[in-house]
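Chemist: For reference, the structure I am asking about is given below.
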Amino acid sequence: MRYAIVSDLHANWQAWCAVRDDLLQQGVDAVVCLGDVVGYGPNPKQVLKDLRQYCDNFVLGNHDAAVVGKLDLEIFNDTARRSVEWTRAQLDKTLLDEIQQWPLLLEDEQIVFVHAETVAPDAFGYVEQAEDVRVCFEATDKRFIFLGHTHRPVISVLPLGGKVILSPLTRLTFADGARYLVNTGSVGDPRDGTDKASYCLCDTTADRVELRQVAFDTAAFLRELKRHPQLDIPWFLRKRGGAKVRLELDHAIKAEEVTKIQRRETVNRSHLKAVHYTLPTTPVPMTAAGETEEAEPSASPAAEAVSPESVSRFAQKRWIVLFALILALAGVVAVTAYYLKKRGIRISFSLGWPKTKPTPLPVSPPSPPPAPVIVDKRAPFELLAKDARLTGSPIKLEDWEGIPNIGYWACADNYATWTTTVPGEGEYVVTLEYGFDPAGGDREIVILCGESRLEATLKTTGHWKRFQTVTLGHMYLPAGTVTITVRAGRTNAHHFINLRQLTFTPFKGESKPLVRPPPRTQALPWLASASYCAPNDTMSAMNDNIEPSNSNDQRVPRFTWWPHFGTKEWVQADFMKPFSISKVSVYWYAETGRGKCRVPQSWRLLYRKEDGQWAPVEGASGYGTSPDTYNTVTFRPVTTTGLRLEAQLQPNYSAGILELKIEP
Numbered sequence: 019m020r021y022a023i024v025s026d027l028h029a030n031w032q033a034w035c036a037v038r039d040d041l042l043q044q045g046v047d048a049v050v051c052l053g054d055v056v057g058y059g060p061n062p063k064q065v066l067k068d069l070r071q072y073c074d075n076f077v078l079g080n081h082d083a084a085v086v087g088k089l090d091l092e093i094f095n096d097t098a099r100r101s102v103e104w105t106r107a108q109l110d111k112t113l114l115d116e117i118q119q120w121p122l123l124l125e126d127e128q129i130v131f132v133h134a135e136t137v138a139p140d141a142f143g144y145v146e147q148a149e150d151v152r153v154c155f156e157a158t159d160k161r162f163i164f165l166g167h168t169h170r171p172v173i174s175v176l177p178l179g180g181k182v183i184l185s186p187l188t189r190l191t192f193a194d195g196a197r198y199l200v201n202t203g204s205v206g207d208p209r210d211g212t213d214k215a216s217y218c219l220c221d222t223t224a225d226r227v228e229l230r231q232v233a234f235d236t237a238a239f240l241r242e243l244k245r246h247p248q249l250d251i252p253w254f255l256r257k258r259g260g261a262k263v264r265l266e267l268d269h270a271i272k273a274e275e276v277t278k279i280q281r282r283e284t285v286n287r288s289h290l291k292a293v294h295y296t297l298p299t300t301p302v303p304m305t306a307a308g309e310t311e312e313a314e315p316s317a318s319p320a321a322e323a324v325s326p327e328s329v330s331r332f333a334q335k336r337w338i339v340l341f342a343l344i345l346a347l348a349g350v351v352a353v354t355a356y357y358l359k360k361r362g363i364r365i366s367f368s369l370g371w372p373k374t375k376p377t378p379l380p381v382s383p384p385s386p387p388p389a390p391v392i393v394d395k396r397a398p399f400e401l402l403a404k405d406a407r408l409t410g411s412p413i414k415l416e417d418w419e420g421i422p423n424i425g426y427w428a429c430a431d432n433y434a435t436w437t438t439t440v441p442g443e444g445e446y447v448v449t450l451e452y453g454f455d456p457a458g459g460d461r462e463i464v465i466l467c468g469e470s471r472l473e474a475t476l477k478t479t480g481h482w483k484r485f486q487t488v489t490l491g492h493m494y495l496p497a498g499t500v501t502i503t504v505r506a507g508r509t510n511a512h513h514f515i516n517l518r519q520l521t522f523t524p525f526k527g528e529s530k531p532l533v534r535p536p537p538r539t540q541a542l543p544w545l546a547s548a549s550y551c552a553p554n555d556t557m558s559a560m561n562d563n564i565e566p567s568n569s570n571d572q573r574v575p576r577f578t579w580w581p582h583f584g585t586k587e588w589v590q591a592d593f594m595k596p597f598s599i600s601k602v603s604v605y606w607y608a609e610t611g612r613g614k615c616r617v618p619q620s621w622r623l624l625y626r627k628e629d630g631q632w633a634p635v636e637g638a639s640g641y642g643t644s645p646d647t648y649n650t651v652t653f654r655p656v657t658t659t660g661l662r663l664e665a666q667l668q669p670n671y672s673a674g675i676l677e678l679k680i681e682p
């Protein structure tokens, strides 16, 4: 499915026309609008009527909600309030009734479309920091979130088991296991320091997302805007090209309160599910001509009874009364003590200390400490199919004879992960309950946990619905919260296995010593992108920490530029903050025999400077192209947020990477 996603058009006819003409050339399957079609701009009716010809998937924005009376105008700043009142008078009853029907949220199996946030779509909060993104992810189990509202385009990434990264990239290929929150920016009111209209393309088949910016006729827009004195000139025209935009001038909704709304129903709408909400506010009254009239604001007696001012006054009085009671009690105690003293009665207060020093007890030699008791905290635990997080397609959870299993497991890009707590550090025996038919021969399974790796070969059970339990081998696990991943090795089978559960049992034998994984230099966490990635390969293979046995290892995931032959290509690593880097190691993918992938003809490293430009690293020790080993280059340390590897491919051949390590 290829979506074009637009947001925050704000009645800007010139910007919408430019975006419309651009997206029509992209071959999209559906257009989704994330709200705020109206407000601020001078052409609400014209924009809305034209947009309806291309888009039938809308969500409600805060300006849209205010225009139809679903939000109290008191929560808006003066500029937004004036534009809402003016816009309301421009729209006829048909258009207002249509906006009334827009839901606050649209979703399909993987995607959520919302105007502002997923936690409380009706609150229209601003998602601007990494923490805001994390909270939005926690509020939904969907892999992708698309929103607008802040008018600033940005792609946020939550890698599997990692922290949120606000990516500087405008085009990404989705990595296995990662989740994405994309702010599409604004079509009609840009606030990213430019005067260009922004929108987004998302291709769920090719696993790609792109933020696009289109120039529009700002002079014509300004001329139309000046014809309506009720409307203010937007910030991008008052401060053209500024690096930053003051937030207090941006936010239409004041930070204090937003009228709350309740979920009503879910209905199907053109590929998506629409989640509708109702608001307790009074609908906007209509005149006979279809124009709106301002409703008289009515104050709630209950609200007046518990206003913030009255609460504050009550709190002040309470402390005054309490202080007066303490003074009165102290006075009573003082008068009583004076009266008793006059009558010869003494009062003393004991704090528990003796008046004489106690005689010390004789000291005996200390007893030897008891022998330490070694407690084995390990205990068996299970990983069930129903608890797995599944990545890829068509892998899914099935049910056979009332027992869930993971099925439809394609070998190349599908995998399952569990986040669990290991009760104790040590060596565990791993058993697997699985099934698959004889077609395609044996299967290879790979289980990963941090630096630990277990590989095994599975024999057929005779049928997909015939399950058996086998012991795969031994695996070292650390104590605490871990992520365990199961994926297929590189086999010729069209599908992998049906998996019911994994069981980890502490190894009790004494004949086999416990072997910890060898220590290794900690590579830096980074987000991968590339000039191109083969459809059957994945960019996440470069930093998945799965060690290859040779350059033609077909059992491990890989990244390639195939079928690009003899071209200049690149891969890029982006960091969530600046890192100091001085060492990079590359394990090239190279086929033998009839394959068309070889090591590259040459390559080099570049780093991102503070101005965003790329520059070669200095003092490089040498760029190796040897197969079956890591090619390590050291260089003068650079502190940067991004590193790029440029490769010149051999004539008539492509190339690829199995592992790419970036170290301080």
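Going by the numbering used here, the sequence shown opens with residue 19, and the numbers climb by one from there. We treat Cβ as the ideally placed atom computed from N, Cα and C, and that holds for glycine.
(1) Assign lysine 63 to one of three DSSP states: helix, strand, or coil.
(2) Assuming phenylalanine 192 is part of the beta strand (DSSP E), what are its boundary residues?
(3) For asparagine 516, I'd like the list of residues in its chain whose CB is within less than 8 Å of its CB, leaving aside the five on either flank, ordered along the chain.
(4) Can you tell me where the beta strand (DSSP E) with lysine 244 in it begins and where it stops?
(5) Confirm, please, whether the CB-CB distance from tyrosine 648 to serine 603 is below 8 Å.
(6) Is it the case that the Cβ atoms of leucine 401 and leucine 476 are separated by a distance below 8 Å?
(7) Using DSSP bridges, identify the partner residues of glycine 491.
(8) Do proline 618 and alanine 673 have their C-beta atoms within less than 8 Å of each other?
(9) Specify the secondary structure class of tryptophan 31 as computed by DSSP and reduced to three states.
(10) Does DSSP put tryptophan 580 in a helix, a strand or coil?
(11) Are the beta-carbon atoms belonging to histidine 169 and glycine 203 less than 8 Å from one another?
(12) Helix, strand or coil for valine 350, going by three-state DSSP, please let me know.
(13) Quick one: is cysteine 615 near chain B, going by C-beta distance under 8 Å?
(14) Cα separation between lysine 272 and histidine 167?
(15) Out of Phe522, Thr478 and Gly507, point me to the one whose CA is closest to lysine 497's CA.
(16) Between which two residues does the alpha helix (DSSP H) holding arginine 518 run?
(17) Just mark glycine 349 as buried or exposed, buried being the case when its beta carbon has 16 or more other beta carbons within 10 Å.
(18) Does DSSP put glutamate 103 in a helix, in a strand, or in coil?
(19) Just the C-alpha distance for leucine 178 and valine 500, rounded to the nearest angstrom, thanks.
(20) Using CA atoms only, rank isn't needed, just tell me which of Pro208, Val200 and Trp606 is closest to isoleucine 173.
(21) If distances are taken between C-alpha atoms only, which option among Thr409, Ala434, Ile463 and Gly491 comes closest to glutamate 445?
(22) I'd like the span of the alpha helix (DSSP H) that includes arginine 256, first residue to last.
(23) Less than 8 Å between the C-beta atoms of alanine 29 and asparagine 61, yes or no?
(24) Let me check understanding here. Comparing Cα to Cα, which of Val151, Asp213 and Leu42 lies closest to serine 185?
(25) What whole-angstrom Cβ distance do leucine 229 and proline 171 have, given they're in contact under 8 Å?
(26) So is asparagine 561 buried or exposed if we call it buried at 16+ other beta carbons inside 10 Å?
(27) Can glutamate 555 and phenylalanine 577 be called in contact, C-beta distance under 8 Å?
(28) Look at the Cβ atom of valine 49, then the Cβ atom of alanine 22, and state whether they are nearer than 8 Å.
(29) Find the nearest neighbour of glycine 640 within the set Val651, Gln631 and Asp646, judged by alpha-carbon distance.
(30) Give me the residue from Asp110, Val227 and Val145 with the minimum Cα distance to phenylalanine 162.
(31) How is the beta strand (DSSP E) around isoleucine 424 delimited, first residue to last?
(32) Considering only residues of the same chain and omitting the five flanking positions on each side of glutamine 334, which have a CB-CB separation below 8 Å?
(33) Determine the closest residue to valine 656 out of Asp140, Phe254, Ile680 and Thr610, with distance taken between C-alpha atoms.
(34) Exposed or buried, alanine 238, counting other C-beta atoms within 10 Å across all chains shown (16 or more means buried)?
(35) What's the call for proline 535, buried or exposed, on a 16-neighbour Cβ count within 10 Å?
(36) So what does DSSP say about proline 326, is it helix, strand or coil?
Modeler: Let me spell this out:
(1) helix
(2) Per DSSP, phenylalanine 192 belongs to no beta strand (DSSP E) and is neither H nor E.
(3) Glu416, Trp418, Asn423, Ile424, Gly425, Trp427, Tyr452, Gly453, Phe454, Trp482, Lys483 and Phe485
(4) Element bounds for lysine 244: not the beta strand (DSSP E) but the alpha helix (DSSP H), 236-244.
(5) yes
(6) no
(7) Val448
(8) yes
(9) helix
(10) coil
(11) yes
(12) helix
(13) Of the chains in the structure shown, none is chain B; there is only one protein chain.
(14) Annotation note: pLDDT 44 at lysine 272 (below 50); position unreliable, no value reported.
(15) Residue identity differs from the one stated: residue 497 is alanine in this sequence, not lysine. Comparing Cα-Cα distances from alanine 497 to each of Phe522, Thr478 and Gly507, the minimum goes to Phe522.
(16) No alpha helix (DSSP H) contains arginine 518, which is instead part of the beta strand (DSSP E) from 516-524.
(17) exposed
(18) helix
(19) 12 Å
(20) Val200
(21) Gly491
(22) 253-256
(23) yes
(24) Val151
(25) 5 Å
(26) buried
(27) Correcting the residue type first, residue 555 is aspartate in the shown sequence and not glutamate. Contact flag set, yes.
(28) yes
(29) Val651
(30) Val227
(31) 421-425
(32) Unreliable placement is indicated for glutamine 334, whose pLDDT of 49 sits below 50; no coordinate value is reported for it.
(33) Ile680
(34) exposed
(35) Residue confidence for proline 535 is low, a pLDDT of 44 falling below 50, so the modelled location carries little weight; the figure read from the coordinates is stated next. Flag for proline 535 reads exposed.
(36) Below a pLDDT of 50, predicted positions are generally treated as unreliable, and proline 326, at 38, falls in that range; the measurement from the model is reported next regardless. DSSP places proline 326 in helix when its eight states are reduced to three.
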